[in-house]
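Asker: I have a structure here, written as structure tokens, and I will follow up with some questions on it.
Residue numbers (this note's numbering), protein chains in the order written: chain A, 11 to 295; chain B, 594 to 886; chain C, 2 to 251.
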């Protein structure tokens, strides 16, 4: 067998291996979804969603976890969106290529790579102890806000960067101020991209467990929160708690809760993609 | 005049937003450092870095971080051992072999892997992967590094495959055409020309994947175990730095105790590790980005 | 008095000098064409008049630029207010991704004009002046991006005129358009002369010859010759001008 025949065989083998690798990833994903849905789907009923947690698996429900999740998410959105978009606007529209801006950019890249549990430690000490907010929803939201801030800033910048400079020039040429240009031309044009980034950041926040455990979110919460200073739990923590129990009935509960969590996550991601496609069509540059 | 004042106020607000990120970093460093310094008032640095037992919560307290480090490194290593060959192969395949339509479908599907909450992966590792592996690895304990590492590896495949594929795509077409022009097969072109040309981007993706794996918490907390063990045996249960932090946070450790400050020391070790890795990757990216501008 | 005047203007991009000692005066209610090969500085010089070069990092300007006798760079003028008095039309039509009405009304809105009737009247007047009114009057809420290239450029002209500037600067306004749209815009410029002072940068010498009163020829950052259009094209004084207009280079 000469050299070129050998090479051709190697080529084909690689192709087969590559298809195997690609399928492996997708197969695992499919297996994961199958295992979880088959175990958990049947457990979902009205009671499951509406019940409070309980020591008896058949009576336990995710109501408080869902409430906690909604409270935390809404508050996180309210805190992180304005700050993240504001920083994105500043860096992209006002920032000049100097040391200050460069430093902030490097810093944001670093923050994006910090493990989420470290944010939990920060939140525990800074918000929980120093500011005295304890293990409340507010602490959790502030912590998650810091966590997703780099994601929001980066996607806001990308969306703003994509607005062609010819539109800014047209606006400045008409005598608009910097902020008038940003508010009337740049932001409306980048709205789709910014929204996509925001939704993806939220979908990431939904799944975060470790930082909230560290700040002291409880595992057993028999009441729904009624203020931002209340203690709370969220769905991922509830899942974590059930998974670690030995009784199989709790494992089933965990699977059921995961189905709901995944539904939320995939819904958000799908929404983000939908918005991105719709806005790409509308403002074709 | 009012307009000018309004513009200035808005700009100040936006600057403050940007500075919050700087404050966050400073706060992280300050919180970790101050508590770690407290910790080292009571525990010797040498014991911390060279001790082989980690038992802060037991009666006889030992504070050697090596068991936690080995747990983190072992699970990370297994994860990379899975993600690197698969991720890189996928990247090369999508870039060199697959038609664009295929890539456009497969790439987002793989990115779904990265968006699944890690709690779900932990559940999968514990309840499906471990029993599956136990059926042909009899020595596998219920909590072990192998299952957690494998599942983590699958989770970070897109980190390597997507970023490497972007790096390959950035290589100028002329290089590829030169290789084909000389009669290279796809395989030869891919691995002798394209991958070396994109090597800086690929290395960056690997470093970021390592950093991600080392910082992962829930998968290992659920499936890898809570026994600190200085060992590189993947069949036994281990404890990673991140799992330890969770373990203490969920317990009843009083807030101003030495045991409590161990989570800061452990967190500091993790932070420094990922910080160094991330900055190496930024440096590589910056240094080699100019090549094809 | 000159409407627009330049005295010893030099412009530097960092170390590179893009404009060398330019001096000229433009009378009110005239059309002046800037011609010259690519990179000769004609667009750069045009943008000095409304300080659009400020938007680029690392630009340094010396000399004087005056509009209505006022020094645009030296006296304490508000740049944004200054730009409101000068209209600019760019090479590639750049309507905002808004509807037709909002595009034309933009200049008024940022000036703070709130009266609906005033805005509507201004929009209608500007669209009529830009010879676009009849084509769009039935649906002003349509997206500006749905118009053809030539219509979009006329929309941009209407947008510039809605705030009634006294000067209109045009940077190769027809170079991205088809011949029919181009001729419509040339007719438009000719009409506008009576109310505005117009400076147009163009690559197209026939266009310059058709519509301008005076022409300035630039080469490698210098103003080589500036005279009545008829003179430049039939009896140029400088050899370089002669070479350019006969197509020896460019």
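Ideal Cβ placement from N, Cα and C applies to all residues, glycine included.
Ignoring anything shorter than 4 residues, give me the alpha helix (DSSP H) runs that lie fully in the segment 659 to 713 of chain B, in order along the chain.
Answerer: Counting only runs of 4 or more, we get 659 to 685, 693 to 708.
Asker: Can you find a C-beta in chain A that's less than 7 Å from the C-beta of residue 748 of chain B?
Answerer: On the second chain, residue 748 of chain B is found 155 positions in, with the first residue counted as 1. With 7 Å as the cut-off, residue 748 of chain B does not count as an interface residue toward chain A.
Asker: With three or more beta-carbon pairs closer than 8 Å as the criterion, would you say the segment 858 to 872 of chain B touches the segment 5 to 13 of chain C?
Answerer: No: fewer than three Cβ pairs fall under 8 Å.
Asker: Hey, is residue 176 of chain A's beta-carbon within less than 7 Å of any beta-carbon in chain C?
Answerer: Stepping through the first chain from its first residue, residue 176 of chain A is reached at position 166. Yes, its Cβ sits closer than 7 Å to a Cβ of chain C.
Asker: Given 8 Å as the limit, is there contact between the segment 80 to 90 of chain C and the segment 145 to 163 of chain C, that is, 3 or more CB pairs closer than that?
Answerer: Yes, the segment 80 to 90 of chain C touches the segment 145 to 163 of chain C.
Asker: What three-state label does DSSP hand residue 258 of chain A in the structure shown?
Answerer: In the first chain, counting from the first residue as 1, residue 258 of chain A sits at position 248. The answer is helix: DSSP assigns residue 258 of chain A an H, G or I state.
Asker: Under DSSP, the alpha helix (DSSP H) around residue 597 of chain B begins and ends at which residues?
Answerer: By one-based count along the second chain, residue 597 of chain B stands at place 4. Segment 595 to 635, the alpha helix (DSSP H) holding residue 597 of chain B.
Asker: Within the same chain, show all residues whose beta-carbon is closer than 6 Å to that of residue 182 of chain C, passing over the 5 residues directly before and after it, in chain order.
Answerer: Translated into positions along the third chain, residue 182 of chain C becomes position 181. Hits under 6 Å: 151.
Asker: Count the C-beta pairs between the segment 162 to 173 of chain A and the segment 207 to 214 of chain A that are closer than 8 Å, then say yes if the count reaches three, no if not.
Answerer: These segments touch.
Asker: What alpha helix (DSSP H) runs, 4 residues minimum, are completely inside the segment 36 to 117 of chain C?
Answerer: Segments of the alpha helix (DSSP H) lying fully in the segment 36 to 117 of chain C: 43 to 50, 80 to 85, 101 to 112.
Asker: Below 8 Å on C-beta distance, what does residue 164 of chain C contact in chain A?
Answerer: Against the third chain, residue 164 of chain C aligns to sequence position 163. 184, 185, listed in chain order.
Asker: Can you give me, in chain order, the residues of the segment 189 to 210 of chain A that have a beta carbon less than 8 Å from any beta carbon in chain C?
Answerer: Within the segment 189 to 210 of chain A, the qualifying residues are 190, 194, 195, 198, 199.
Asker: Hey, does residue 886 of chain B have any beta-carbon neighbour from chain A nearer than 7 Å?
Answerer: Looking up residue 886 of chain B in the second chain gives position 293. Confidence at residue 886 of chain B is low in this model, with a pLDDT of 41, below 50, so the placement of that residue is unreliable and no value is reported for it.
Asker: Report yes or no: is there a C-beta of chain A within less than 7 Å of the C-beta of residue 811 of chain B?
Answerer: As a first step, residue 811 of chain B must be located in the second chain, where it is residue number 218. Closer than 7 Å to some Cβ of chain A, the Cβ of residue 811 of chain B qualifies, so yes.
Asker: Taking just the CA atoms, how far does residue 285 of chain A sit from residue 700 of chain B?
Answerer: For this step, residue 700 of chain B is matched to residue 107 along the second chain. For this step, residue 285 of chain A is matched to residue 275 along the first chain. Distance between the alpha carbons of residue 700 of chain B and residue 285 of chain A is about 19 Å.
Asker: Does the distance from the C-beta atom of residue 803 of chain B to that of residue 35 of chain A stay below 7 Å?
Answerer: Within the second chain, numbered from 1, the residue matching residue 803 of chain B stands at position 210. Within the first chain, numbered from 1, the residue matching residue 35 of chain A stands at position 25. Going by C-beta atoms, residue 803 of chain B is not nearer than 7 Å to residue 35 of chain A.
Asker: Could you give the uninterrupted runs of the alpha helix (DSSP H) lying entirely in the segment 218 to 244 of chain A, keeping only those of 4 residues or more?
Answerer: The qualifying runs are 220 to 225.
Asker: Is it right to say residue 66 of chain A is buried, meaning 16 or more other beta carbons lie within 10 angstroms of its own, or is it exposed?
Answerer: Mapped onto the first chain, residue 66 of chain A falls at position 56. Burial call: exposed.
Asker: So, are the CB atoms of residue 655 of chain B and residue 648 of chain B less than 7 Å apart?
Answerer: What you label residue 655 of chain B is simply residue 62 of the second chain in a count that begins at 1. What you label residue 648 of chain B is simply residue 55 of the second chain in a count that begins at 1. Yes. Within cutoff.
Asker: Which residues of the segment 97 to 113 of chain C have a Cβ closer than 7 Å to any Cβ of chain A? Give them in chain order.
Answerer: Within the segment 97 to 113 of chain C, the residues whose Cβ lies closer than 7 Å to some Cβ of chain A are 97, 98, 107, 108, 111, listed in chain order.
Asker: Looking at the structure shown, is residue 2 of chain C part of a helix, part of a strand, or coil, going by DSSP?
Answerer: Start at 1 with the first residue of the third chain, and residue 2 of chain C comes out as number 1. Coil.
Asker: So, helix, strand or coil for residue 129 of chain A, using DSSP?
Answerer: Taking the first chain and counting its residues from 1, the one referred to as residue 129 of chain A is at position 119. Looking at residue 129 of chain A - three-state DSSP - the assignment turns out to be helix.
Asker: Which residue or residues does DSSP assign as beta-bridge partners of residue 26 of chain C?
Answerer: If you number the third chain from 1, residue 26 of chain C lands on position 25. DSSP output for residue 26 of chain C lists C:6 as bridge partner(s).
Asker: Out of C:36, C:68, C:171, C:105, which has the shortest C-alpha to C-alpha gap to residue 189 of chain C?
Answerer: By 1-based counting over the third chain, the position of residue 189 of chain C is 188. Checking every option, the nearest Cα to that of residue 189 of chain C belongs to C:171.
Asker: Between the Cα of residue 79 of chain A and those of A:121, A:241, A:101, spot the shortest distance and give me the residue it belongs to.
Answerer: Numbered from 1 along the first chain, position 69 holds the residue referred to as residue 79 of chain A. The shortest C-alpha separation from residue 79 of chain A is found at A:241.
Asker: Using the DSSP secondary-structure output, state which residues sit across from residue 200 of chain C in a beta bridge.
Answerer: Position 199 of the third chain holds residue 200 of chain C. The partner list for residue 200 of chain C (beta bridge, DSSP) reads C:33, C:170.
Asker: Suppose the cutoff is 8 Å on Cβ atoms and the five residues either side in sequence are ignored; what does the same chain contact list for residue 752 of chain B look like?
Answerer: Along the second chain, read from residue 1 onward, the residue named residue 752 of chain B stands at position 159. Cβ within range, chain order: 676, 680, 707, 798, 801, 802, 805.
Asker: With a threshold of 7 Å between beta carbons, is residue 84 of chain C in contact with chain A?
Answerer: Indexing the third chain from 1 puts residue 84 of chain C at position 83. Cβ-Cβ to chain A under 7 Å: yes for residue 84 of chain C.
Asker: At a CB distance below 9 Å, what residues from the segment 771 to 803 of chain B approach chain A? Give them in sequence order.
Answerer: Hits within the stretch, in order: 776, 777, 778, 779, 780, 781, 783, 784, 801.
Asker: If you draw a straight line from the alpha carbon of residue 14 of chain A to that of residue 23 of chain A, how long is it in whole angstroms?
Answerer: As a first step, residue 14 of chain A must be located in the first chain, where it is residue number 4. As a first step, residue 23 of chain A must be located in the first chain, where it is residue number 13. Approximately 14 Å between the Cα atoms of the pair.
Asker: On the CB-based measure, 16 or more other CB atoms within 10 Å of its CB, does residue 17 of chain C come out buried or exposed?
Answerer: Here residue 17 of chain C refers to the residue found at position 16 when the third chain is read from its first residue. With fewer than 16 other Cβ atoms within 10 Å, it is exposed.
Asker: Just to confirm my understanding: we take residue 54 of chain A, look at its own chain, exclude 5 residues before and 5 after, and list those with CB closer than 6 Å. What are they?
Answerer: Walking along the first chain from the start, residue 54 of chain A turns up at place 44. These residues qualify, in order along the chain: 266.
Asker: Using the DSSP secondary-structure output, state which residues sit across from residue 180 of chain A in a beta bridge.
Answerer: By 1-based counting over the first chain, the position of residue 180 of chain A is 170. Its beta-bridge partners do not exist; DSSP assigns none.
Asker: Among all the DSSP beta bridges, which residues are the ones paired with residue 219 of chain C?
Answerer: The residue labelled residue 219 of chain C in the question sits at position 218 within the third chain. According to DSSP, residue 219 of chain C bridges with C:224.
Asker: Cutting at 7 Å between CB atoms, please list the residues of its own chain near residue 839 of chain B, excluding the five before and the five after it.
Answerer: Numbered from 1 along the second chain, position 246 holds the residue referred to as residue 839 of chain B. Hits under 7 Å: 810, 814.
Asker: For chain A, find out if any of its Cβ atoms is closer than 7 Å to the Cβ of residue 95 of chain C; answer yes or no.
Answerer: If you number the third chain from 1, residue 95 of chain C lands on position 94. For residue 95 of chain C, the answer is yes, since a Cβ of chain A falls inside 7 Å of its Cβ.
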